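Since the structure comes first, as structure tokens, the remarks are kept for the end.
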């Protein structure tokens, strides 16, 4: 029997007899070949007179902690410096553009003078015949301040269009609140035109889908109307106009097809576009947004391209 196996059997018999078979010394001698060698002491290997310095564990950890702390503080310092530099740059840039825009607003403000407005657009190769704008009701119209601002914006844009010579203006506002104030909006536009063009100005009409239109004739108290000012037609639109117009047109075409007044092959994109343009408005030449991001807010889809 091999030595290792015999020693294992002896140890197991001793364990079964509750360690009464072998003495402690015999058990140590039995296990000694399987124990690892004890580590050699460094002092025995060191030469006489030489000093061997062993760093305690606490001192080693302390030094490592200080280095890590200093590294973190250095990273935080660099981070703060970078953010400070960029913050100063951004604030300087915002202030610079704010002052620049304010100076340009003073130098190039039209001061409600049609001749200055004409001078601003004189260098353009093309003037749109149909301008469309998207406005937003601020603060949900609470307290009437938002509605008053919205009506004033419509009047201001209408006066500018008449001074430029744009005959058609469509104003889109998502909620359609202006449709309930058509007479008040028309009066505001008329007053604004008088402040721009004087008592004599071309005719202006204001209309909205499914709402009675208001038209005013040209005023010629002195008989002098600025030559480049043209009659203006203003159209008020909302998010409901696009959806309702498509639904009404679909019902009409389906009814005509069922009554054999219109063949299904005659229904085309051109026909739908023509009917929508006739019932609501034609395609604008230019769409203007007064927001920092492009947000159409439900603008009639067939007019977005």
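Numbering (our numbering), first residue to last: 1 to 305.
Note that the Cβ used here is the ideal one computed from N, Cα and C, for glycine as well.
Given the structure is predicted, the values throughout are model-derived calculations rather than measurements.
Sub-8 Å separation of residue i and residue j beta-carbons
i, j, result
"residue 132", "residue 284", "yes"
"residue 155", "residue 127", "no"
"residue 135", "residue 153", "yes"
"residue 162", "residue 124", "no"
"residue 232", "residue 292", "no"
"residue 306", "residue 117", "What is shown of the chain runs 1 to 305, which leaves residue 306 out entirely."
Beta-ladder partner(s) of residue i, from DSSP
i, result
"residue 168", "130 and 233"
"residue 208", "211"
"residue 219", "201"
"residue 178", "The partner list for residue 178 (beta bridge, DSSP) is empty, contrary to what the question assumes."
"residue 135", "173"
Close-in-space but distant-in-sequence residues of the same chain around residue i (CB under 8 Å, 5 per side omitted)
i, result
"residue 30", "7, 10, 11 and 22"
"residue 290", "133, 134, 135 and 136"
"residue 263", "257"
Residue i in three-state terms, based on DSSP
i, result
"residue 262", "coil"
"residue 74", "helix"
"residue 289", "strand"
"residue 37", "coil"
"residue 283", "coil"
"residue 295", "coil"
"residue 117", "helix"
"residue 125", "coil"
Buried or exposed by the 16-neighbour rule on C-beta atoms within 10 Å, applied to residue i
i, result
"residue 234", "buried"
"residue 170", "buried"
"residue 45", "Low confidence applies to residue 45: its pLDDT is 49, below 50, so where it sits in the model is not reliable enough to give any reading."
"residue 87", "exposed"
"residue 34", "exposed"
"residue 38", "exposed"
"residue 241", "buried"
"residue 106", "exposed"
"residue 209", "buried"
"residue 317", "Lying before the first or after the last residue shown, residue 317 is absent from the chain, which here runs from 1 to 305."
Neighbourhood of residue i by C-beta, 6 Å cutoff - its chain only, sequence neighbours within 5 removed
i, result
"residue 298", "174 and 239"
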